[in-house]
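For the protein sequence lines, the chains are W and R, in the order given.
For the first sequence, this note's numbering assigns the number 98 to the initial residue and increments by one for each residue that follows.
For the second sequence, this note's numbering assigns the number 3 to the initial residue and increments by one for each residue that follows.
Just so it is clear, CB atoms sit at the ideal spot from N, CA and C, and this is done for glycine as well.
In what follows, a single structure is set out as C-alpha cells and then discussed.
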Amino acid sequence: MSDLDEFKATYFDECSELLLELEEQFSAIQDGDREAGRLNAVFRAIHSIKGGGGAFGFDALVRFAHSFETLLDYVREGRIELGEDVVVLCIRSIDIVADFVAAARSGEALAADYGAEEKAQFDALARGEVAPAPDDTAPMEDFDIDFTPVAVDLDSARPAPSDGRALWHIDFLPLPTLYERANDPLLLFRELALLGEMQVTARPTSIPALADFEPFGVYCGWALELRSETATEAAIREVFEFVEGDCLIDIARQDAAEADEDAVPSFAALAELAKAEPRAPRAPEPEAPADLTAMLADALSESAPAVAAPPPPSRPAETDESANPGRPVGMASIRVDLDKVDRVVNMVGELVITQSMLTQQMDDAIRDRYQELVRGLEVLAQTTRGLQDAVMAIRAQPVKSVFSRMPRLVRELSGRTGKKIRLETIGENTEIDKTVIEQLSDPLTHMVRNSADHGIEDPAARLAMGKPETGTIRLSAEQAGGNILIAVEDDGQGIDRERVLALARKRGVVAPDQQLTEEQIDNLIFAPGFSTASEVSDISGRGVGMDVVLSNIKKIGGSVHVRSFVGKGTRMTLRLPLTLAVLDVMLVKVAGCPYVIPLSSIVETIQNSRADFGTMPSGGKVLQVRGEYVQVVDLASRFALETGEEEADRFVVLCEAEGNSKIALVVDDIIGQQQVVIKSLEENYERIEGIAGGTILGDGNVALIVDVQSLKSTNAHRTAA
Amino acid sequence: MEALGIRDDYHDSTAATSQNALQLIAFSIDEQIYGVEITTVREIRAWNGATPLPNTRDYVRGVINLRGTIVPIFDLRARFGDGKTNPTKNHVVVVMSVGDKWIGILVDAVSDILTVSRDDIHAVPEGNSIDTELLNGIVTHENGMVGLIDLAAVVAGARTDA
Numbered sequence: 098m099s100d101l102d103e104f105k106a107t108y109f110d111e112c113s114e115l116l117l118e119l120e121e122q123f124s125a126i127q128d129g130d131r132e133a134g135r136l137n138a139v140f141r142a143i144h145s146i147k148g149g150g151g152a153f154g155f156d157a158l159v160r161f162a163h164s165f166e167t168l169l170d171y172v173r174e175g176r177i178e179l180g181e182d183v184v185v186l187c188i189r190s191i192d193i194v195a196d197f198v199a200a201a202r203s204g205e206a207l208a209a210d211y212g213a214e215e216k217a218q219f220d221a222l223a224r225g226e227v228a229p230a231p232d233d234t235a236p237m238e239d240f241d242i243d244f245t246p247v248a249v250d251l252d253s254a255r256p257a258p259s260d261g262r263a264l265w266h267i268d269f270l271p272l273p274t275l276y277e278r279a280n281d282p283l284l285l286f287r288e289l290a291l292l293g294e295m296q297v298t299a300r301p302t303s304i305p306a307l308a309d310f311e312p313f314g315v316y317c318g319w320a321l322e323l324r325s326e327t328a329t330e331a332a333i334r335e336v337f338e339f340v341e342g343d344c345l346i347d348i349a350r351q352d353a354a355e356a357d358e359d360a361v362p363s364f365a366a367l368a369e370l371a372k373a374e375p376r377a378p379r380a381p382e383p384e385a386p387a388d389l390t391a392m393l394a395d396a397l398s399e400s401a402p403a404v405a406a407p408p409p410p411s412r413p414a415e416t417d418e419s420a421n422p423g424r425p426v427g428m429a430s431i432r433v434d435l436d437k438v439d440r441v442v443n444m445v446g447e448l449v450i451t452q453s454m455l456t457q458q459m460d461d462a463i464r465d466r467y468q469e470l471v472r473g474l475e476v477l478a479q480t481t482r483g484l485q486d487a488v489m490a491i492r493a494q495p496v497k498s499v500f501s502r503m504p505r506l507v508r509e510l511s512g513r514t515g516k517k518i519r520l521e522t523i524g525e526n527t528e529i530d531k532t533v534i535e536q537l538s539d540p541l542t543h544m545v546r547n548s549a550d551h552g553i554e555d556p557a558a559r560l561a562m563g564k565p566e567t568g569t570i571r572l573s574a575e576q577a578g579g580n581i582l583i584a585v586e587d588d589g590q591g592i593d594r595e596r597v598l599a600l601a602r603k604r605g606v607v608a609p610d611q612q613l614t615e616e617q618i619d620n621l622i623f624a625p626g627f628s629t630a631s632e633v634s635d636i637s638g639r640g641v642g643m644d645v646v647l648s649n650i651k652k653i654g655g656s657v658h659v660r661s662f663v664g665k666g667t668r669m670t671l672r673l674p675l676t677l678a679v680l681d682v683m684l685v686k687v688a689g690c691p692y693v694i695p696l697s698s699i700v701e702t703i704q705n706s707r708a709d710f711g712t713m714p715s716g717g718k719v720l721q722v723r724g725e726y727v728q729v730v731d732l733a734s735r736f737a738l739e740t741g742e743e744e745a746d747r748f749v750v751l752c753e754a755e756g757n758s759k760i761a762l763v764v765d766d767i768i769g770q771q772q773v774v775i776k777s778l779e780e781n782y783e784r785i786e787g788i789a790g791g792t793i794l795g796d797g798n799v800a801l802i803v804d805v806q807s808l809k810s811t812n813a814h815r816t817a818a
Numbered sequence: 003m004e005a006l007g008i009r010d011d012y013h014d015s016t017a018a019t020s021q022n023a024l025q026l027i028a029f030s031i032d033e034q035i036y037g038v039e040i041t042t043v044r045e046i047r048a049w050n051g052a053t054p055l056p057n058t059r060d061y062v063r064g065v066i067n068l069r070g071t072i073v074p075i076f077d078l079r080a081r082f083g084d085g086k087t088n089p090t091k092n093h094v095v096v097v098m099s100v101g102d103k104w105i106g107i108l109v110d111a112v113s114d115i116l117t118v119s120r121d122d123i124h125a126v127p128e129g130n131s132i133d134t135e136l137l138n139g140i141v142t143h144e145n146g147m148v149g150l151i152d153l154a155a156v157v158a159g160a161r162t163d164a
C-alpha cells in the first residue's frame, strides 16, 4: 500500500466517524436542541471532510461540502434561521455527503448532477437572505490559498482617521501543542488578514541559546491589530477554530472613534520603544553565544514592524504544560488493524483451552502432592479468564455503529412510502463483539424495512384509528446475561394473522389441517419463501423475505422472536451471543469420536429407549414428538462410522433447522455442554458435507461441529432422489 | 523429533547459498525414500492420532490441532494406493505449506536432509499415472532413488475426487 493509499484509508475512516457525528448532532438539533456547540461540531466535521477531500482531489465532494459549509456558517452566525426546513435540508445533505464519500472510496462515479438540487438550495438560501459573500461566487477559492502580502509598513498600517472601521486587538500565544499538530501561525495570520487591514507584532517571550533551541518550543507570541468594517468576534475566532485549545488567545474590540485616537499614539509609542530598545528580548542564558542570540532577536524584530513593550517574564514551554495538567498530551485512543486484534483474540482462545486442559489433567493425587502447583494453576485460570474478558472488550463495539445507519433508512422509507415515521433508539451504547455487529446490519435493515413497509400505516389510516399521525419505530439494545437483546418495535397495525396463515397454507409452509397458536402464526413470517407483501414493493419485497433475517441470525448463534398485537404494533426481538468467538455447544460422541452440536439449534434430547420411532417404506426412521413427525438421521451411519453402542443406550438430539423445520439426530452418548472456539476446516482443507467447522477440546483434540442445516437439506434431497 | 521446527528465516539463509542446490527433507514409506523441498516444511511431529473426518477420501486420516489451527493429515501410503497406514507412535507427520494452506502428511519415518543439484532431477518415466501425477521428478542421491512429491497434486486430488 502506498503512502497515499494509507492516508486515503485513514481519511475514509475519519469520514465514517465524522458522518456518524454529523448524524448524531443533527438528530439532537432536530429534537430541538439548538446549543451552539452542536453547530460548531457540525461545522468542524463538514470542514474536515471537505479539507481531506480537497487534498485527495475529490472535487464533487468538495464542491458540495463547501456549499453545505457555507450554509452552516451563515446559520452559525445567525444570518440564516435554523428552521425546520433548513434542518431537513441539512439532514438530507448529510446523506448526500455520505454518498459522495462512498463514491470517492469505491471510485464509482455518481451522476454529474448528484446533490445539485440541494446545492442549489444552499446557494439560494445563502444568496436569498444575505449579500453574497465573496467565496460564494468562487466556491473553491479558499482552497487555493493565494494571498497578497500583508502590508506591515508602519506608515501604511496607520489607519486613516475616522474611516468607521473597528480596531481589534488580538493577543495570540501558541502552546507547544499547536506546533506539535503541525499548525503554522503564519497561515492563520494570512487568513485573518483577509478580514481587513492587519498589523502583526512579534512578542518573543524568551529566546534560549541556540543549543537549547527546541524546534517545537514556544518562544514567541504575537499581538495583532486588525482594522475591519465587517469582522466580528465570531469571524476572528473562526480563524483560530482549528487551534482552539492549542493557544492562548485574547480578542478585544475598540470602537472606531477611540481606536483612531488610541491607535496612533500607541503606534508612535511603540515605534519609539522599538527605536529605544531595538533588541528587547535579551538572551536569558548568559553563556549563550551573544551574537547568535542577537541574530535571532534581529531576525524576529525584522519580521515584525515593531517590538512590543518589554517581553513578559521568561516562560519556558514546560510551565505551559504543567499549568494544564489535565490536558491529554498523547492520544486517548489508537487505531489498530482488526487483524492484529483478531490474532490476539485467537491466541487468548488457545490460552483458555490450554489452561482448561491443564486443569483437567489434575487428579486428586496431584492435588495432594503439588499444592503450590495447584494454587498456581488456579491463579492462572483466573488471570486467563480476566484476559479473555479484557481482550473481548477490545473488539466490542457499541451497537450505535449499526443503529446510526437506521435514521437514514427510515428517512428514505418514509419519503418513498409517504408514511410519517419517527425513529427512536435506546441503549445504543450497548457493546457487542465486532464480528456480531458486522452480521447484524443486514438483518436489522430488513426488520426496520419490514416495520416501515408492513407495520406502520398511512397517515390517514392512523388518524382514522385514533393514533398519532406519525408512526414510531423503536430500536433498542440491552444486555441480558450472556446475550444481547435487540428489539425492533413499531406502533403499526400488527401482523394480519388471517392473511399470514392463508398465505402459509397456500404456499405449503403449513399443512391445511395444522392448528397454530397466535405466536406460531406470527413467527411464520420468518419461514423460508414467505413474504406477506401482496404486491412487490421496492422496499421489502425483493424476493427475499424475513427468512433471511432468521438464517443470518441463526448463523451467528442467535434467535429471533416476534410478538404482535393487532392494531397496536409488532415487536421483533433478536437474541444474540455476546461474541462469535465462543459458541455454546453440546458435546456428543459418535463411534468414539467427539462431535459438537450448537446449543442454539437444539430443542431437546431424548433417550432412545423412550423415543417414539416409526419406520418409513424406505427403511428410514421418523420420530414422533408431540404430534409432529420428524426425520431421523443417525449420525453414525450418516458419517459412515461404526458404532458399538446398544441402540437403546443411544440418544436422540432434536434440533431445529432453518424455518422451524426439525431434524432428529441420533448419537451414541451425550457428554455435556461447554463453550468452544470455532475453527475453520476450509482454511487448510475443504468444506465437508454435514460439518460446519471444527473446534479444539480441552484435551487438545479436534471435535467437529455438526452442521444441522446441511444434514437436513441433504437428507431431504436423498429422500427425493 | 517432535520439536524439529523449521522456520521461514531458515529458508532465506539457505536459498542464497547456491542457485542450483535444492535441499530436501527425505522420508520413507516402505523403505522407499521420497523428498519434499525443505522450504515447504513447517514442522515435523510424532503421530499422535487425528480426529477422523466423515464423508471424505480414505487417504485423509483426519484433522489435528496444530497450535490452534486445524490441519488435515494425508496418509501418503494410502494416497499411493497401497492401503491405509497402521500408524504407531513411531510414525511421523510432516507439516508443510502448500499454497496458502497447511497440511500434514503421514510417513513412516524422516530420514535425512539432502542437498542435491537441480540439474540432477530426472523426469518421471511415463507409465503409471499415479507416479506421474504425484511425483515432480526423481533425483539420485548416493546411488539411491528419491521421488520428489508433488504436494499440490496430493492435496488437489482430494478435492476433485471428493
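Express the C-alpha separation of Leu291 (chain W) and Ala53 (chain W) in angstroms, rounding to a whole number.
This structure leaves residue 53 (chain W) out entirely; chain W is present only between 98 and 818.
N- and C-terminal bounds of the alpha helix (DSSP H) containing Phe82 (chain R)
It is not in any alpha helix (DSSP H) - Phe82 (chain R) carries neither H nor E in the DSSP assignment.
Run of the beta strand (DSSP E) containing Arg350 (chain W), from where it starts to where it stops:
344 to 351
When DSSP labels each residue in this structure, what does Val713 (chain W) get in the three-state scheme?
One point to set straight first is that residue 713 (chain W) is Met, not Val, in the sequence displayed. Met713 (chain W) falls in the coil class under three-state DSSP.
Put Pro556 (chain W) into one of helix, strand or coil per three-state DSSP.
Under the three-state reduction of DSSP, Pro556 (chain W) is assigned to helix.
Just the chain W side, please: which residues come within less than 8 Å of Thr71 (chain R) by C-beta, in chain order?
The contacting residues are Lys776, Glu780, Asn781.
Would you say Ile105 (chain R) reaches chain W, if we count a Cβ-Cβ gap shorter than 8 Å as a contact?
yes
Nearest-angstrom Cα separation, counted from Ala213 (chain W) out to Pro565 (chain W):
Approximately 35 Å, taken between the alpha carbons.
Does the distance from the CB of Tyr782 (chain W) to the CB of Pro127 (chain R) come in under 8 Å?
no
Between Arg379 (chain W) and Pro312 (chain W), what straight-line distance do the alpha-carbon atoms span, to the nearest angstrom?
Caution applies to Arg379 (chain W), whose pLDDT of 47 falls short of 50 and renders its modelled position unreliable; the model cannot decide the point.
Can you give me the Cβ contacts of His124 (chain R) inside the same chain, cut-off strictly under 8 Å, excluding the 5 residues immediately before and after it?
Gly139, Ile140, Val141, Thr142
Figure out for me which residue from W:Ile802, W:Gln806, W:Leu794, W:Asp804 has the closest Cα to the Cα of Arg69 (chain R).
W:Leu794
Since Asn88 (chain R) meets chain W, which of its residues come closer than 9 Å, beta carbon to beta carbon?
Within chain W, no residue comes near Asn88 (chain R); the closest Cβ sits about 17 Å away, beyond 9 Å.
Can you name the residues of chain W whose CB is closer than 9 Å to the CB of Val96 (chain R)?
By Cβ distance, chain W contributes nothing, its closest Cβ being about 14 Å from Val96 (chain R), past 9 Å.
Taking the C-alpha atoms as reference points, what is the distance between Gln772 (chain W) and Gln457 (chain W)?
15 Å
Please classify Ala89 (chain W): does DSSP put it in a helix, a strand, or coil?
Only positions 98 to 818 of chain W appear in the structure, and residue 89 (chain W) is not among them; the question remains open.
Where Gly791 (chain W) meets chain R, residues with beta-carbon distance less than 8 Å
Thr53, Val65, Ile72
Please report the residue range of the alpha helix (DSSP H) in which Glu330 (chain W) lies.
330 to 336
Which of the three DSSP states is assigned to Glu743 (chain W) in this structure?
coil
Using beta carbons (cut-off 8 Å, strictly below), is Leu762 (chain W) in contact with chain R?
No, no contact with chain R.
Buried or exposed: where does Gly483 (chain W) fall if 16 or more other Cβ atoms within 10 Å of its Cβ makes it buried?
A residue is called buried when at least 16 other Cβ atoms come within 10 angstroms of its Cβ; Gly483 (chain W) does not meet this threshold and is exposed.
What's the gap between the Cα of Gly515 (chain W) and the Cα of Asp555 (chain W)?
7 Å
Is Leu762 (chain W) closer than 8 Å to Ala688 (chain W) when the C-beta atoms are compared?
Ala688 (chain W) places its beta carbon 8 Å or farther from that of Leu762 (chain W).
Could you have a look at His173 (chain R) and say whether DSSP puts it in helix, strand or coil?
Nothing can be reported for residue 173 (chain R), as the shown portion of chain R is limited to 3 through 164.
Cβ-based contacts, 8 Å cut-off: residues of the region 20 to 42 of chain R near chain W:
Within the region 20 to 42 of chain R, no residue qualifies.
With distance defined between alpha-carbon atoms, name the residue in W:Gly552, W:His163, W:Ile450 nearest to Gly151 (chain W).
W:His163
Can you confirm whether Thr58 (chain R), when its beta carbon is compared against all beta carbons of chain W, has any partner nearer than 8 Å?
yes
In chain order, what residues of the same chain have a beta carbon less than 7 Å from the beta carbon of Leu275 (chain W), not counting five sequence neighbours either side?
Val340, Asp343, Cys344
Can you tell which of W:Ala157, W:Ala133, W:Ala199 has the C-alpha that lies nearest to the C-alpha of Leu116 (chain W)?
W:Ala199
Rounded to the nearest angstrom, what separates Asp309 (chain W) and Thr167 (chain W) at their Cα positions?
45 Å
Which chain R residues sit within Cβ distance under 8 Å of Gly797 (chain W)?
Asn67
Measuring only between beta-carbons, confirm whether Asn443 (chain W) sits less than 8 Å from chain R.
yes
CA-CA distance, Asp152 (chain R) and Leu116 (chain R)?
17 Å
Start and end residues, beta strand (DSSP E) containing Pro691 (chain W):
690 to 695
Distance, Val719 (chain W) Cα to Val764 (chain W) Cα:
15 Å
Terminal residues of the alpha helix (DSSP H) in which Gly134 (chain W) lies
133 to 153
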